[in-house]
Amino acid sequence: MNTVQLEKAKHDRNRFDCGITALNNYLKVMASQQAKKGNTRTFVLEDKQCPDHIIGYYTLTMTPIDIQDLPPKLQKKHHSVTSGGLIARLAVDHRYKGQGFGEWLLIDALRKLLMASETVAFPVVIVDAKDGAESFYEKYGFTAFKDADNKLFITIADIRASIGELI
Numbered sequence: 001m002n003t004v005q006l007e008k009a010k011h012d013r014n015r016f017d018c019g020i021t022a023l024n025n026y027l028k029v030m031a032s033q034q035a036k037k038g039n040t041r042t043f044v045l046e047d048k049q050c051p052d053h054i055i056g057y058y059t060l061t062m063t064p065i066d067i068q069d070l071p072p073k074l075q076k077k078h079h080s081v082t083s084g085g086l087i088a089r090l091a092v093d094h095r096y097k098g099q100g101f102g103e104w105l106l107i108d109a110l111r112k113l114l115m116a117s118e119t120v121a122f123p124v125v126i127v128d129a130k131d132g133a134e135s136f137y138e139k140y141g142f143t144a145f146k147d148a149d150n151k152l153f154i155t156i157a158d159i160r161a162s163i164g165e166l167i
């Protein structure tokens with residue numbers, strides 16, 4: 001399986017339905033616009049039998065971080081850090097749920113961000129968990145920010161150490 005960047009002319013965005021209106025609408029309306037502006041990159045997992053069908057997607061970008069939101073040990077280690085990688089959205093179409101695609105998409109996103117961090121250094125990856133998805137990310141080592149339960153992070157060092165276990 002491979003993800004590819006969303007192609008407006010190729011992928012049937014209107015067919016996609018993960019059950020969360022905000023995630024559906026982002027893919028249908030905003031993803032291509034944000035990519036064209038250079039603000040985000042959206043990657044889709046295509047159905048091999050019908051490549052215009054989107055199994056799931058995720059969106060990557062960078063985000064400012066407030067170092068004070070990190071645990072004291074990380075604040076000290078990364079005191080001059082101002083940004084991190086962001087998994088802004090991750091969703092699986094309801095027709096493909098329960099088949100491990102969410103995990104696969106998360107691992108793929110983490111691999112891409114790990115590779116990016118080798119070129120442009122940043123110490124953490126942040127995720128905005130939508131509609132109660134915090135426990136999904138916590139299974140993979142993400143920790144909630146102290147004042148925002150739906151905003152979680154994982155360090156690049158932790159990704160690097162565990163990426164072999166996730167494969």
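Residue numbers (full-length UniProt numbering): 1 to 167. The beta-carbon is built from N, C-alpha and C at its ideal position, and this holds for glycine as well.
- For Y96, the closest alpha carbon among the candidates V4, M62, H53, K28 is that of H53.
- Taking 8 Å as the upper bound for CB-CB distance, P123 and T143 are not in contact here, some 14 Å apart.
- Annotation for M1: L45, W104 place their beta carbon closer than 7 Å to its own, counting only its chain and skipping 5 residues before and after.
- The bridge partners DSSP lists for M62 are G85.
- For the region 20 to 74, the continuous beta strand (DSSP E) assignments of 3+ residues that do not extend past its boundaries occur at 41 to 47, 50 to 64, in sequence order.
- Non-local beta-carbon contacts of D17 in its own chain, meaning distances under 7 Å to residues more than five positions away in sequence, involve N24, D93, H94 in chain order.
- C-alpha of L106 to C-alpha of L114: approximately 12 Å in a straight line.
- Secondary structure in the UniProt domain "N-acetyltransferase" (84 to 147): the alpha helix (DSSP H) runs of 4 residues or longer, each lying completely within the stretch, are 101 to 119, 134 to 138 in chain order.
- Look at K8 here: in three-state DSSP terms it is coil, with no helix or strand label.
- Contact between L86 and Y57 does not hold, since their C-beta atoms are separated by about 15 Å, which reaches or exceeds 8 Å.
- When rounded, the separation of the alpha-carbon atoms in C50 and K37 is 29 Å.
- Under the three-state reduction of DSSP output, D158 falls in the helix class.
- Each of I159, A161, L152 was checked against the Cα of D66, and the nearest Cα belongs to L152.
- Around the beta carbon of T59, 16 or more other beta carbons sit within 10 angstroms, so the residue counts as buried.
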